[in-house]
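K.L.:
Residue numbers (our numbering): -18 to 201.
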Amino acid sequence: MYVIRVVVVDDEALVRSGFRLILNAAPDIEVVAATSGGGAFEAVREHRPEVVLVDIRMPDVDGLTVLSRLRELPDPPVVAMLTTFDADEYVLKALHLGAAGFLLKDTEPEHLAQLVRTLAMGGVVMSPKASRTLLRSLPRTDEASADRADTRVERLTDRERDVLVLLAEGLSNAEIGVRLHLGTGTVKDHVSALLTKLRVSGRVQAALLAQRAGLLDAGR
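1. Return helix, strand or coil for Val105, following the three-state DSSP convention.
2. Per DSSP, Glu11 forms a beta bridge with which residues?
3. Have a look at the DSSP bridge pairing and note the partners of Phe223.
4. In angstroms with no decimal places, state the Cα-to-Cα distance between Leu(-5) and Val97.
5. Quick one: what's got a C-beta closer than 8 angstroms to Ser153's C-beta in the same chain, skipping five residues either side?
6. Would you call the CB atoms of His162 and Glu141 closer than 8 angstroms?
7. CA-CA distance, Asp123 and Met(-18)?
8. How many angstroms separate the CA atom of Arg52 from the CA atom of Phe83?
9. Tell me which residues share the same chain as Gly15 and place their Cβ nearer than 6 angstroms to its Cβ, disregarding the 5 neighbours each side in the sequence.
10. Just verifying my parser: in three-state terms, what is the DSSP assignment at Thr165?
11. List the DSSP bridge partners of Asp36.
12. For Thr16, which beta-bridge partners are listed by DSSP?
13. Which residue marks the beginning of the alpha helix (DSSP H) containing Val185, and which one marks its end?
14. Step through the CB atoms of chain C and report whether any lies within less than 8 angstroms of the CB of Ala7.
15. Can you give me the Cβ contacts of Thr46 inside the same chain, cut-off strictly under 8 angstroms, excluding the 5 residues immediately before and after it?
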């Protein structure tokens, strides 16, 4: 059985223990290390996890620094931020640094393992509350472009728009391929093209833009 290796980075020992207990209960997930921010980089280099969950605010080495350093690795793991959303400026910086998702620390235990599986498969992870918070936090015109979200989406082909909607729903490239009867490589090409056309740097930003443009509400 394929086992997803996870590193949990949080300054609170109780949080680390809780995540380890919950995730290790899943047969296909193993928390290979749990550490504070200062030990994060060494833990990732030693264990080579597929997924890293990082507290966005820590007193020793903050989550943004951990995220930035991990993204510089030759083959970086997927990094999602653990947050309570009490500091929007941290969330926005993490978004632009390439965070793959945002998990609330009070995520229901029964949902946590599935969120980690989604991250490992390349999907976007944002709880509804997280998504609403990010949409409120983002300025109406961001660094990427001054265009309105719906105007930017109009640049996409019909197929790219279909891919964008499924990406925003949290599906991985493989899952999108199954849904649209496309090869994973073709989906990857579509994702690269739509990120370029939308002028965003990652899947989370693309997902948020799709929500702002009303694509999910339209049920496309």
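Idealized CB from N, CA, C, for every residue including glycine. Because the structure is a prediction, the values reported are computed rather than measured.
P.N.:
Taking the definition as stated:
1. Against the sequence shown, residue 105 aligns to sequence position 124. Of the three classes helix, strand and coil, the one that applies to Val105 here is coil, per DSSP.
2. Stepping through the sequence shown from its first residue, residue 11 is reached at position 30. Paired residue(s): Arg(-14).
3. In the structure as shown, the chain begins at -18 and stops at 201. Residue 223 is therefore absent and cannot be evaluated.
4. Taking the first residue of the sequence shown as 1, we reach residue -5 at position 14. Taking the first residue of the sequence shown as 1, we reach residue 97 at position 116. Distance between the alpha carbons of Leu(-5) and Val97: 20 angstroms.
5. For the purposes of this step, residue 153 is taken as residue 172 along the sequence shown, with counting starting at 1. For Ser153, where only same-chain residues beyond five positions count, the Cβ hits under 8 angstroms are Thr99, Met102, Gly103, Gly104.
6. Within the sequence shown, numbered from 1, the residue matching residue 162 stands at position 181. Within the sequence shown, numbered from 1, the residue matching residue 141 stands at position 160. No.
7. Here residue 123 refers to the residue found at position 142 of the sequence shown. Here residue -18 refers to the residue found at position 1 of the sequence shown. With a pLDDT of 48 at Asp123, under the threshold of 50, the modelled position of this residue cannot be trusted, and the question is left open.
8. Taking the sequence shown and counting its residues from 1, the one referred to as residue 52 is at position 71. Taking the sequence shown and counting its residues from 1, the one referred to as residue 83 is at position 102. Cα-Cα distance, rounded: 16 angstroms.
9. Taking the first residue of the sequence shown as 1, we reach residue 15 at position 34. Looking at the sequence itself, residue 15 is Ala, so the reference to Gly does not match. Val(-11), Arg(-3), Arg1, listed in sequence order.
10. Walking along the sequence shown from the start, residue 165 turns up at place 184. If DSSP states are grouped into helix, strand and coil, Thr165 belongs with the helices.
11. In the sequence shown, residue 36 corresponds to position 55, counting from 1. Per DSSP, Leu63.
12. Your numbering for residue 16 matches position 35 in the sequence shown. Answer is Val(-10).
13. For the purposes of this step, residue 185 is taken as the residue at position 204 of the sequence shown. 184 to 193 is the extent of the alpha helix (DSSP H) around Val185.
14. Among the protein chains of the structure shown there is no chain C, as only one such chain exists.
15. Residue numbering aside, residue 46 sits at position 65 when the sequence shown is read from its first letter. Only Gly18 meet the Cβ criterion.
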